[in-house]
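S.K.:
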Amino acid sequence: MCLEESGNWRGKPDSGVSGEVDLPKDRDMQLLGIKFAPLMVPMNRRLETAAAFLWIAVPIIFPFISWTVVIYTLLYTRFFYVPLLYFGYQYIDREAPYIGGRPFQFAKDLACWKYLCQYFPITTHKTADCPPDTNYLFCLYPHGVLSTSGLVHFATTGSDFNDKFPGLSTYFATLDVHFRTPVVRDLILALGLVSSSKRSLLCLLSSERKGKAVALMVGGAQEALYAKPNCYTIVLKKRKGFIKLALQTGASIVPVYGFHECDIYEQVSNPPGSWLFRFQEWTKKKTGLAPIIPIGRGLFQYTFGIIPRRAHIYSVCKYQHRPIEDVDPWIPNSSDSQ
């Protein structure tokens, strides 16, 4: 482990459950270097894999489908007015991600999220209770490729998080760009996603209705560029704005670390300084998104694909109550929350 001058913490975790947790190897089939799933796989495992595919389809596949359908309907059918009506609704509803979102419990409770949680699986470990008499800012590390464990905990009820922290209303803060895709924006709003802007976080954390738990990936898209199996890179040095927000609103900070979050995907090799890494950083500066090329598994084989690989993710929540009056509010060189 070491602390680099850039402020990024790098370390390798202890050996644990990672990689593809699947059926015995003697039942696997290989052809041309591709490792296929066994034919006789229990139905529950098929459902878990399908749930994982649905999960990755929301941020990667659904936006392309959504824009394709909208453009085609607008230009080549007589129902061109439908996209226009939707865009009008989207404009009227443009403030939703900044004023607490629009979560629907039905969307969070869908059965597919239970299968998704069992797929890895994902479990929660806490050091203390978080009573619902205050608001909380859960600061999550590491980002990984898709912040999977954080989204499962805070955007669904598929994990044991709600059992460990009863009475909390969960939200997940993400980039504004995710709320610009037709239909997809309504889906993620229903799951409790909100903007990660300062305005949005202030709205939730300063709410008089206590018990709000907002998850923030402090390392952001920059940290996602470093996500690789068995190695963690933490981006923190210039990410102190969330501390100012907590002091300003009186919210309690709960650090959360997801062990093996980085093990569910590999990335196409992009060492710092390479042309790919420079292109990814340039794109991130222009759009806010890091164009990562993940390497996971497929529906029926384990060698490549966009579905995450199985790895038991342990989310450790380290909470220690400390009155806000005991904290020194002076924070040098702090920046915005994200």
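Sequential numbering from 879 applies to the sequence shown in the working numbering. Positions of the beta carbon are idealized from the N, C-alpha and C atoms, including for glycine. On a predicted model such as this, the values are computed, not experimentally measured, just so you know.
Are the beta-carbon atoms belonging to Leu1103 and Ile1184 less than 8 Å from one another?
M.R.: no
S.K.: Give the C-beta separation of Pro1186 and Gln1145 to the nearest angstrom, bearing in mind that I take them to be a contact with Cβ-Cβ under 8 Å.
M.R.: Rounded, the Cβ-Cβ distance is 12 Å, inconsistent with contact.
S.K.: Suppose contacts are defined by Cβ-Cβ distances below 8 Å. Is His1021 in contact with Ser1193 by that definition?
M.R.: no
S.K.: Which full runs of the alpha helix (DSSP H) of 4+ residues lie inside the stretch 1118–1151, going along the chain?
M.R.: Within the stretch 1118–1151, the complete alpha helix (DSSP H) runs of at least 4 residues are 1119–1127.
S.K.: On the CB-based measure, 16 or more other CB atoms within 10 Å of its CB, does Val1055 come out buried or exposed?
M.R.: Only exposed fits Val1055, as fewer than 16 other CB atoms lie within 10 angstroms of its CB.
S.K.: Short of 6 Å in beta carbon distance, which residues of its chain neighbour Glu1139, apart from the five on each side in sequence? Order them along the chain.
M.R.: Pro1020, Gly1022, Ser1027, Ile1191
S.K.: What distance in whole Å lies between the Cβ atoms of Ile977 and Gln1179, which are believed to be in contact at a cut-off of 8 Å?
M.R.: With a Cβ gap of about 44 Å, Gln1179 and Ile977 do not count as contacting.
S.K.: With Leu994 as the anchor, note down where its alpha helix (DSSP H) starts and where it stops.
M.R.: 989–997
S.K.: Does DSSP classify Cys1081 as helix, strand or coil?
M.R.: helix
S.K.: For Ser1073, report the span of its beta strand (DSSP E) as first-last.
M.R.: Element bounds for Ser1073: 1071–1073.
S.K.: Using CA coordinates, which residue listed in Arg1058, Gly1089, Trp1160 is at the minimum distance from Tyr1049?
M.R.: Gly1089
S.K.: Gln1179 bridges to which residues according to DSSP?
M.R.: Phe914
S.K.: Within a Cβ cutoff of 7 Å, which residues of the same chain sit near Trp933, ignoring the five residues on either side of it in sequence?
M.R.: Leu994
S.K.: Below 8 Å between beta carbons: does that hold for Lys1076 and Leu1015?
M.R.: no
S.K.: Taking the alpha-carbon positions, what's the Arg923 to Leu1071 distance?
M.R.: 28 Å
S.K.: Where do the N-terminal and C-terminal ends of the beta strand (DSSP E) with Gln908 fall, by residue?
M.R.: 907–909
S.K.: Please say whether Ser1025 and Met1095 have beta carbons closer to each other than 8 Å?
M.R.: yes
S.K.: Starting from Ile1112 and walking both ways along the beta strand (DSSP E), at which residues does that stretch end?
M.R.: 1110–1113
S.K.: Gly1045 to Thr1127, Cα distance in whole Å?
M.R.: When rounded, the distance between both Cα atoms is 20 Å.
S.K.: Can you check whether the CB of Thr1001 is closer than 8 Å to the CB of Asp1038?
M.R.: yes
S.K.: Can you grab the Cα-Cα spacing for the pair Val960 / Val1061, in whole Å?
M.R.: When rounded, the distance between both Cα atoms is 12 Å.
S.K.: With a threshold of 8 Å on Cβ separation, who are the neighbours of Pro999 within its own chain once the five nearest residues in sequence on each side are excluded?
M.R.: His1190, Ile1191
S.K.: Only counting the same chain, and skipping five residues up and downstream in sequence, which positions put a Cβ closer than 6 Å to that of Leu1154?
M.R.: Asn1148
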